[in-house]
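In my numbering, the protein residues as written are 1 to 155.
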């Protein structure tokens, strides 16, 4: 027999026994009997505590007293005020206006059904592209000048 025919015979045996149920006894199991799950799980009984329940009035009075002390002692976190926004120079302001102004004009003109000339369409699209390019060029690719000699994390 060739190796191919041996392999074919093995596959035929696997396919023929595909739907057969496995008949194993406990001696053939690959795990110990202590790991077999019982048919019905064991139940635990929890007994109530023997301590008497406190009186409601004494509980609320003691709670009120301790909560007042905790409220005074507990400091509420108030974050510091945020730093002011940086001042923008005129070219940056114009780039932002062009970036949002061009598409805004096109949107308003389309919604209002205005007749748009070719030069107005060109100007709006050019303003959008020019504003984007101006912001990207001005962004810079190096660290800020005041970052110091270390590029590591600041805690």
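Backbone N, C-alpha and C define an ideal beta-carbon position, used for all residues, glycine too.
Each residue's CA atom was taken as its position, placing residue 49 and residue 80 some 49 Å apart. For residue 103 and residue 83, the gap between their C-alpha atoms comes out near 31 Å.
Where residue 18 is concerned, there is no enclosing alpha helix (DSSP H), because DSSP gives it neither an H nor an E. Sorting 94, 110, 8 by C-alpha distance to the C-alpha of residue 130 places 94 at the top. In this structure residue 127 does not touch residue 109 by the C-beta definition: roughly 13 Å separates them, more than the 8 Å allowed.
Annotated three-state conformation of residue 47 is coil, per DSSP. The beta carbon of residue 47 is closer than 6 Å to none in its chain, skipping five residues each way along the sequence. Under the three-state reduction of DSSP, residue 81 is assigned to coil, being neither helix nor strand. Judged by their CB atoms, residue 134 and residue 91 are nearer to each other than the 8 Å cut-off.
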